[in-house]
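K.L.:
Heads up: the protein sequence lines correspond to chains B and V, in order. Under our numbering, the first residue of the first sequence is numbered 1, with each subsequent residue one higher. Under our numbering, the first residue of the second sequence is numbered 1001, with each subsequent residue one higher. Glycine included, C-beta positions come from ideal geometry on N, C-alpha and C.
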Amino acid sequence: MLKVDGVTCAYGKVMAVRDLTMEVRQGELVTLIGANGAGKTTTLKAISGVLAPVEGRIEFEGEDITGASARTVLEKGIAHCPEGRRIFPYMTVRENLEMGCFLRNDAQAIAKDMEKIFERFPILHERRAQAAGTLSGGEQQMLAISRALMSRPRLILFDEPSLGLAPNLVEQTFDIVEQIRSDGVTVVMVEQNALAALELCDRSYVLESGEVTLSGTGNQLLKNKKVQQAYLGG
Amino acid sequence: MDQLLQHFLNAMILGGTYALLGIGLTLIFGIMRVVNFTHGELYTFGAYMMFMFVMPLQTNFFLALLLAVMLGVALGALIEIMLLKPLRGADIDTTMLIMIGAWIAMQNMEQFVWSGIAKSINNPFPADPLVIGAVSVSWSRVFVFVVACALIAGTYALIQWTKLGKAMRATFQDTETAALMGVRINTVYIATFAIGSGLAAAAGALLGPIFVVYPTMGDMAALKSFAIVILGGLGSVGGATIGGFILAMMEELGAGYISSGYRDAMGFLLIIIILLFRPTGLFAQKERIG
Chain B
1 MLKVDGVTCA
11 YGKVMAVRDL
21 TMEVRQGELV
31 TLIGANGAGK
41 TTTLKAISGV
51 LAPVEGRIEF
61 EGEDITGASA
71 RTVLEKGIAH
81 CPEGRRIFPY
91 MTVRENLEMG
101 CFLRNDAQAI
111 AKDMEKIFER
121 FPILHERRAQ
131 AAGTLSGGEQ
141 QMLAISRALM
151 SRPRLILFDE
161 PSLGLAPNLV
171 EQTFDIVEQI
181 RSDGVTVVMV
191 EQNALAALEL
201 CDRSYVLESG
211 EVTLSGTGNQ
221 LLKNKKVQQA
231 YLGG
Chain V
1001 MDQLLQHFLN
1011 AMILGGTYAL
1021 LGIGLTLIFG
1031 IMRVVNFTHG
1041 ELYTFGAYMM
1051 FMFVMPLQTN
1061 FFLALLLAVM
1071 LGVALGALIE
1081 IMLLKPLRGA
1091 DIDTTMLIMI
1101 GAWIAMQNME
1111 QFVWSGIAKS
1121 INNPFPADPL
1131 VIGAVSVSWS
1141 RVFVFVVACA
1151 LIAGTYALIQ
1161 WTKLGKAMRA
1171 TFQDTETAAL
1181 MGVRINTVYI
1191 ATFAIGSGLA
1201 AAAGALLGPI
1211 FVVYPTMGDM
1221 AALKSFAIVI
1231 LGGLGSVGGA
1241 TIGGFILAMM
1251 EELGAGYISS
1261 GYRDAMGFLL
1271 IIIILLFRPT
1281 GLFAQKERIG
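Rendered as structure tokens:
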């Protein structure tokens, strides 16, 4: 479904991702793990069109989307739920969700999707007229995920959805991600919490200083000595 | 008491156009982070368009007003596309210098086309003022107030309820995430600059027939717009609206009770005082629009 082939990204002269190749198949839940600054976020940005790669090719469902604008990538069916939630703090919860379906024109289907989200997260319904900035961290994360879902994506990119959340909320967030996948949406997730990421995923890529150093199924990597030492605390 | 009431009324009427100027400037700064030195020239442009349509071309007064505002919007879009778009990502000093250059060039162009002699514009309103009890106000000023309020309300509605308005607010709050939602950031920038310019042109077109029109009339208007924006808090549309009325009130009262020679100084005195106590402006808890 998604093919990233030899992609290199740089911020000015600083190389952030080097010759990265990965593949995601329809219906999979793939995670990217690695330390801070390993290039995980940059990889997602390259896929979603926030950042144009210097080299390489990105293909989605057979179409070349290398260097395409974020709008075009979204139109093709890839939503990006960015790191740190990035909700619009002065807009209401409802307006944030409306921003999620900015490119859609099917008012009736939008209303239905909004209903579904409010059913799934009653707290968002309760706070729908409230400025999103007044929500708690966990609620903001639910909103950020819901906002990404409002575009009806076929592939969704999650960048550290558990960042800065209390432990019980972290669990809940992973449950939501799992659920989204079982609803038929393909998921790519960047996660610092390697153990959770490996337990949850079908396959995972390990990034180190901008390069893929290991890849495999979650179980394979959980048993891998190097991964255990570097990311799972021995 | 009657005199105070009269000053109050005058301030409300002047404040409406000040608010238009302030909202236009604060939108552009808030969303685009551009310090728009051409704002005063758009005001002058609006006034001259009004002059051109009403006087030599004998167009209907109300139609002329509509045309002047629309041409202001168009000129704003043109400035954005020709000058600002190529400067995306350039540092703020470069953009400021270019905008100062555009300001000087536009002002000289006006002088070249219409000469430095002040022009007056006829208006179709009855000469007898509207008298309410002890206060009176000319019909032409009532018209200015009504149209200014309608434009302010219209701008609010646009920002609050339209898709473009939502895109503008989203861009203001988080440009990168707005782009992720599919917002065309370039289009938002062009629209913002065009709307801000249109509001300045509207202020000029409304006040032109009340005062006289001359090439440097925009300088004081621009200075006052900056004052209003600083007063209200950068990027705050509500702040700019209230700031416009406060500035007008201050000018009216200062001119009426102290000396009319200090009219323009009064507003700036107020700003110095407010900024001493609230350096971010009156309404900026945090910079925002809407």
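In three-state terms, what does DSSP make of Gly-34 of chain B?
P.N.:
Against the first sequence, residue 34 of chain B aligns to sequence position 34. Correct three-state label for Gly-34 of chain B: strand.
K.L.:
Would a check of beta-carbon distances place Phe-158 of chain B closer than 8 Å to chain V?
P.N.:
One-based indexing of the first sequence puts residue 158 of chain B at position 158. With 8 Å as the cut-off, Phe-158 of chain B does not count as an interface residue toward chain V.
K.L.:
Listing by chain order, which chain B residues have their CB less than 8 Å from the CB of Gln-1173 of chain V?
P.N.:
Within the second sequence, the letter at position 173 stands for residue 1173 of chain V. Result: Phe-88, Pro-89, Tyr-90 and Met-91.
K.L.:
At the 8 Å Cβ level, is Ser-109 of chain B part of the contact set with chain V, yes or no?
P.N.:
Counting from 1 along the first sequence, the entry for residue 109 of chain B is found at position 109. According to the sequence displayed, residue 109 of chain B carries Ala and not Ser. No - not a single Cβ of chain V is within 8 Å of the one on Ala-109 of chain B.
K.L.:
Measure the C-alpha to C-alpha separation of Asn-219 of chain B and Val-188 of chain B and round it to an integer number of angstroms.
P.N.:
For the purposes of this step, residue 219 of chain B is identified with residue 219 of the first sequence, where counting begins at 1. For the purposes of this step, residue 188 of chain B is identified with residue 188 of the first sequence, where counting begins at 1. About 17 Å.
K.L.:
Got a sec, what are the start and stop residues for the alpha helix (DSSP H) Phe-1051 of chain V sits in?
P.N.:
Your numbering for residue 1051 of chain V matches position 51 in the second sequence. Run containing Phe-1051 of chain V: 1039-1054, per the alpha helix (DSSP H) assignment.
K.L.:
Is the Cβ of Gly-1182 of chain V closer than 8 Å to any Cβ of chain B?
P.N.:
If you number the second sequence from 1, residue 1182 of chain V lands on position 182. By this cut-off, Gly-1182 of chain V is an interface position.
K.L.:
Find the residues of chain V that neighbour Phe-121 of chain B, judging by a C-beta separation of less than 8 Å, and give them in chain order.
P.N.:
Here the question's residue 121 of chain B lines up with position 121 in the first sequence. Within 8 Å Cβ-Cβ: nothing; Phe-121 of chain B doesn't reach chain V, min ~19 Å.
K.L.:
If you measure between the beta carbons of Val-1237 of chain V and Ala-1118 of chain V, is that distance less than 8 Å?
P.N.:
On the second sequence, residue 1237 of chain V is found 237 positions in, with the first residue counted as 1. On the second sequence, residue 1118 of chain V is found 118 positions in, with the first residue counted as 1. Cβ distance not < 8 Å, so Val-1237 of chain V and Ala-1118 of chain V don't count as in contact.
K.L.:
Could you tell me whether the region 1102-1118 of chain V touches the region 1204-1221 of chain V, using the rule of 3 or more Cβ pairs below 8 Å?
P.N.:
Counting Cβ pairs under 8 Å, three or more are found: they touch.
K.L.:
Where do the N-terminal and C-terminal ends of the beta strand (DSSP E) with Arg-203 of chain B fall, by residue?
P.N.:
Translated into the one-based positions of the first sequence, residue 203 of chain B becomes position 203. Where Arg-203 of chain B is concerned, the enclosing beta strand (DSSP E) stretches over 203-208.
K.L.:
Counting only beta-carbon atoms, is Thr-1094 of chain V nearer than 8 Å to chain B?
P.N.:
Translated into the one-based positions of the second sequence, residue 1094 of chain V becomes position 94. Answer no: the Cβ-Cβ gap between Thr-1094 of chain V and chain B never drops below 8 Å.
K.L.:
What three-state label does DSSP hand Asp-106 of chain B in the structure shown?
P.N.:
Position 106 of the first sequence, counted from the start, is the residue given in the question as residue 106 of chain B. Reduced to three states, the DSSP call for Asp-106 of chain B is coil.
K.L.:
For the beta strand (DSSP E) holding Ile-58 of chain B, just list the boundary residues, first then last.
P.N.:
Position 58 of the first sequence, counting from 1, holds the residue named residue 58 of chain B. That run of the beta strand (DSSP E) goes 55-60.
K.L.:
Below 8 Å between beta carbons: does that hold for Phe-1172 of chain V and Ile-1023 of chain V?
P.N.:
Reading the second sequence from its first residue, position 172 is the one you call residue 1172 of chain V. Reading the second sequence from its first residue, position 23 is the one you call residue 1023 of chain V. Against a cut-off of 8 Å, the Cβ pair of Ile-1023 of chain V and Phe-1172 of chain V comes out as no contact.
K.L.:
Determine the direct distance from the alpha carbon of Val-1146 of chain V to that of Ala-1077 of chain V, and round the result to whole angstroms.
P.N.:
As a working mapping, residue 1077 of chain V is identified with position 77 in the second sequence. As a working mapping, residue 1146 of chain V is identified with position 146 in the second sequence. For Ala-1077 of chain V and Val-1146 of chain V, the distance between alpha carbons rounds to 26 Å.
K.L.:
Under 7 Å from any heavy atom of the ligand HEM, does the C-beta of Ile-58 of chain B make it?
P.N.:
The ligand HEM is not part of the structure shown, which contains no ligands of any sort.
K.L.:
Quick check on Tyr-1048 of chain V: buried or exposed, where buried means 16 or more other Cβ atoms within 10 Å of its Cβ?
P.N.:
As a working note, residue 1048 of chain V is residue 48 in the second sequence. It counts as buried.
K.L.:
What does Ser-48 of chain B touch in chain V if you count any residue whose Cβ is under 9 Å from its own?
P.N.:
The sequence position of residue 48 of chain B within the first sequence is 48, counting from 1. Under the 9 Å cutoff, chain V gives Leu-1180.
K.L.:
What span of residues does the beta strand (DSSP E) with Phe-1143 of chain V cover, start to end?
P.N.:
Along the second sequence, read from residue 1 onward, the residue named residue 1143 of chain V stands at position 143. Segment 1139-1161 is the alpha helix (DSSP H) holding Phe-1143 of chain V; no beta strand (DSSP E) there.
K.L.:
Measure how close the beta-carbons of Pro-153 of chain B and Gly-84 of chain B come, nearest whole angstrom, since I'm counting them as under 8 Å.
P.N.:
Numbered from its first residue, the first sequence carries residue 153 of chain B at position 153. Numbered from its first residue, the first sequence carries residue 84 of chain B at position 84. Between Gly-84 of chain B and Pro-153 of chain B the Cβ distance is about 20 Å, and since that is not below 8 Å, they are no contact.
K.L.:
I'd like the ranges of any alpha helix (DSSP H) spanning at least 4 consecutive residues and lying wholly in the region 128-207 of chain B.
P.N.:
With a minimum length of 4 residues, the continuous alpha helix (DSSP H) runs that stay inside the region 128-207 of chain B are 137-149, 167-182 and 194-200.
K.L.:
Taking C-beta pairs closer than 7 Å, name the residues in chain B that Lys-1166 of chain V reaches, listed in chain order.
P.N.:
Here residue 1166 of chain V is taken as the residue at index 166 of the second sequence, counted from 1. Result: Glu-95, Glu-98 and Met-99.
K.L.:
Name the DSSP beta bridge partners of Thr-8 of chain B, please?
P.N.:
By 1-based counting over the first sequence, the position of residue 8 of chain B is 8. Answer by DSSP bridge pairing, in chain order: B:Glu-55.
K.L.:
Output yes or no for whether 8 Å exceeds the beta carbon distance between Ile-87 of chain B and Val-206 of chain B.
P.N.:
Numbered from 1 along the first sequence, position 87 holds the residue referred to as residue 87 of chain B. Numbered from 1 along the first sequence, position 206 holds the residue referred to as residue 206 of chain B. Result no, Cβ atoms of Ile-87 of chain B and Val-206 of chain B do not sit closer than 8 Å.
K.L.:
Please list the terminal residues of the continuous beta strand (DSSP E) segment that includes Ala-1200 of chain V.
P.N.:
By one-based count along the second sequence, residue 1200 of chain V stands at place 200. Run containing Ala-1200 of chain V: none in the beta strand (DSSP E); it sits in the alpha helix (DSSP H), 1185-1207.
K.L.:
Does the beta carbon of Arg-1088 of chain V sit closer than 8 Å to a beta carbon anywhere in chain B?
P.N.:
Residue numbering aside, residue 1088 of chain V sits at position 88 when the second sequence is read from its first letter. Not closer than 8 Å to any Cβ of chain B, the Cβ of Arg-1088 of chain V fails to qualify, so no.
K.L.:
Verify whether the separation of the beta carbon atoms of Leu-1084 of chain V and Phe-1193 of chain V is less than 8 Å.
P.N.:
As a first step, residue 1084 of chain V is located in the second sequence; it is residue number 84 there, counting from the start. As a first step, residue 1193 of chain V is located in the second sequence; it is residue number 193 there, counting from the start. Taking 8 Å as the Cβ cut-off, Leu-1084 of chain V and Phe-1193 of chain V qualify as a contacting pair.
K.L.:
Please list the partners that Pro-53 of chain B has in chain V, where partner means a Cβ-to-Cβ separation under 8 Å.
P.N.:
Indexing the first sequence from 1 puts residue 53 of chain B at position 53. Near Pro-53 of chain B there are no residues of chain V at all, since even the closest Cβ is about 17 Å away, more than 8 Å.
K.L.:
Grouping DSSP H, G and I as helix and E and B as strand, with all else coil, what is Thr-66 of chain B?
P.N.:
For the purposes of this step, residue 66 of chain B is identified with residue 66 of the first sequence, where counting begins at 1. Coil.
K.L.:
Just reading off the beta strand (DSSP E) that Thr-213 of chain B is part of, what are its end residues?
P.N.:
Taking the first sequence and counting its residues from 1, one reaches residue 213 of chain B at position 213. Where Thr-213 of chain B is concerned, the enclosing beta strand (DSSP E) stretches over 211-217.
K.L.:
Please list, in chain order, the chain V residues whose beta carbon lies closer than 8 Å to that of Gly-127 of chain B.
P.N.:
Working through the first sequence from its first residue, we reach residue 127 of chain B at position 127. Residue identity differs from the one stated: residue 127 of chain B is Arg in this sequence, not Gly. Chain V residues near Arg-127 of chain B: none, gap ~18 Å exceeds 8 Å.
K.L.:
With a CB to CB cut of under 8 Å and the five nearest residues on each side skipped, what residues in its chain are close to Ile-1185 of chain V?
P.N.:
The sequence position of residue 1185 of chain V within the second sequence is 185, counting from 1. Cβ within range, chain order: Thr-1171, Thr-1175, Ala-1178 and Ala-1179.
K.L.:
Whose Cβ in chain V lies nearer than 8 Å to the Cβ of Ala-70 of chain B?
P.N.:
Numbered from its first residue, the first sequence carries residue 70 of chain B at position 70. Those are Ala-1179, Leu-1180 and Gly-1182, listed as they occur along chain V.
K.L.:
How would you write the range of the beta strand (DSSP E) that Met-22 of chain B sits in, first residue to last?
P.N.:
The sequence position of residue 22 of chain B within the first sequence is 22, counting from 1. Note, Met-22 of chain B: beta strand (DSSP E), 14-24.
K.L.:
CB-CB under 8 Å to Phe-118 of chain B, same chain, minus the five flanking residues each way: which ones, in chain order?
P.N.:
For the purposes of this step, residue 118 of chain B is taken as the residue at position 118 of the first sequence. If we look at Phe-118 of chain B and ignore the five residues flanking it on each side, its Cβ neighbours are Leu-124, His-125 and Arg-128.
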